[in-house]
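Since the structure comes first, as structure tokens, the remarks are kept for the end.
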Amino acid sequence: MEYSLIDENDVKRVAFYGNIKASSRQKILEISKAMATSDKKEWVLDVHEFDYIDSSGLGMLIELHEEASSKGITLTITGAKPMVRRMFDLSKFDRLFKIVE
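All letters in the sequence shown, in the order written, are residues 1 to 101 by the UniProt record's numbering.
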């Protein structure tokens, strides 16, 4: 998995490329560090390239949520394909994140 951090007015967008999996841990830590130093209070996680997400990927997104919450940052997930959206629904991610199409 790779990613880009994109400034869009008052929002920081994280565009993910490829699927999130256990080996993505270092990249998630990099995003978390960027959140810690960001002046943006709204972040969008663009997951349109995820074909699937497993429990380790869900766990890493929860870690991002925890970092964001500690900094007063709101996270929105966008672009989830049906299989990924199903995993978010089963995991009740809508309680942690705003999820939009």
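Quick reminder that beta carbons are idealized off the backbone N, C-alpha and C, glycines included.
Taking the alpha-carbon positions, what's the residue i to residue j distance?
{"i": "GLU38", "j": "SER32", "result": "The sequence given here places Ser at residue 38; Glu does not occur at that position. Distance between the alpha carbons of SER38 and SER32: 10 Å."}
{"i": "residue 150", "j": "VAL84", "result": "Lying outside 1 to 101, the shown extent of the chain, residue 150 is not represented and no answer is given."}
{"i": "TYR52", "j": "LEU75", "result": "20 Å"}
{"i": "LYS21", "j": "ALA36", "result": "22 Å"}
{"i": "THR78", "j": "ASP94", "result": "12 Å"}
{"i": "ASP7", "j": "LEU90", "result": "31 Å"}
{"i": "LYS98", "j": "ILE28", "result": "19 Å"}
{"i": "GLY59", "j": "ARG86", "result": "16 Å"}
{"i": "ALA34", "j": "GLU63", "result": "13 Å"}
Do you know whose CA, among the options, lies nearest residue i's CA?
{"i": "VAL100", "options": "GLU30, LYS81 and SER56", "result": "LYS81"}
{"i": "SER24", "options": "LYS41, LEU58 and MET1", "result": "MET1"}
{"i": "ALA68", "options": "GLU42, LYS92 and LYS27", "result": "GLU42"}
{"i": "SER56", "options": "GLN26, VAL44, GLU8 and LYS40", "result": "GLN26"}
{"i": "VAL11", "options": "LEU96, GLU30 and LYS40", "result": "LYS40"}
{"i": "ASN9", "options": "LEU61, VAL44 and PHE97", "result": "VAL44"}
{"i": "GLU30", "options": "GLU49, SER4 and GLY18", "result": "SER4"}
{"i": "residue 105", "options": "PHE16, GLU49, LEU96 and TYR17", "result": "Nothing about residue 105 can be reported from this structure: the residues present for the chain run from 1 to 101 only."}
{"i": "PHE88", "options": "LEU61, ASN19 and ALA15", "result": "LEU61"}
{"i": "ASN19", "options": "ALA34, ARG13 and PHE50", "result": "PHE50"}
The ligand FAD and residue i: does the residue's C-beta get closer than 6 Å to at least one heavy atom of that ligand?
{"i": "TYR52", "result": "Among the ligands in the structure shown, none appear at all, so the ligand FAD cannot be discussed."}
Can you check the UniProt domain "STAS" (1-101) for any beta strand (DSSP E) of at least 3 residues that lies completely inside it and give the ranges in chain order?
2-8, 11-17, 42-46, 74-78 and 98-100
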